[in-house]
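Structure first, commentary second.
Numbering (the working numbering), first residue to last: 13 to 186.
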């Protein structure tokens, strides 16, 4: 077990992977500052640049782009009161008020620290929960898929309200 952990650290802390992670975070932060282009769209637009790369390095760079864009969206929320992406909407409330009172640096620092802590905890949670979730998903068979579809249809019918046509259209697209 320890040898796998050490091999992972050796891969993660190699110069090439650290460089592309830093490059991805820098590009991602620039993407996150632009309103309307979120982390998912930014990552999707930059996937073609990873085609010639080592797969591990490409995934590290794309993760850097995603996390950088998540942080970059808070910059415009704090400084301009215009969220760079949807998850930064709530940052506008307190961050912009702090910037108006001359505490923009503190707001950006808190946003960076919060982004780091949330990203770290989510990666740790994914590492812990991915194996049991994968084992659970593998056991899904035709009866479970049918039950899941029936649950989805039941939810569409219960949430549709008065307009059945809108519910059917949204169910067809979903």
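For each residue, glycine too, the CB sits at the ideal point set by N, CA and C.
Just the C-alpha distance for residue 42 and residue 69, rounded to the nearest angstrom, thanks. 20 Å
In whole angstroms, what separates the C-alpha of residue 138 from that of residue 144? 10 Å
Tell me, please, whether the stretch 71-81 touches the stretch 46-53 by the rule of three or more beta-carbon pairs shorter than 8 Å. yes
Host alpha helix (DSSP H) of residue 174 (start-end): Element bounds for residue 174: n/a, residue is neither H nor E.
Report the option in 89, 185, 176, 54 whose CA atom is closest to the CA atom of residue 110. 89
Collapsed DSSP secondary structure at residue 95 in the structure displayed: coil
Tell me which same chain residues have a C-beta within less than 6 Å of the C-beta of residue 29, skipping the five on either side of it? 69, 72
On a Cα-Cα basis, can you pick out the residue from 118, 164, 174 that is closest to residue 185? 164
Evaluate residue 108 with the Cβ neighbour count: other Cβ atoms within 10 Å of its Cβ, from every protein chain shown; 16 or more gives buried, anything less gives exposed. buried
Count the other CB atoms within 10 Å of the CB of residue 87; is the residue buried (16 or more) or exposed (fewer)? buried
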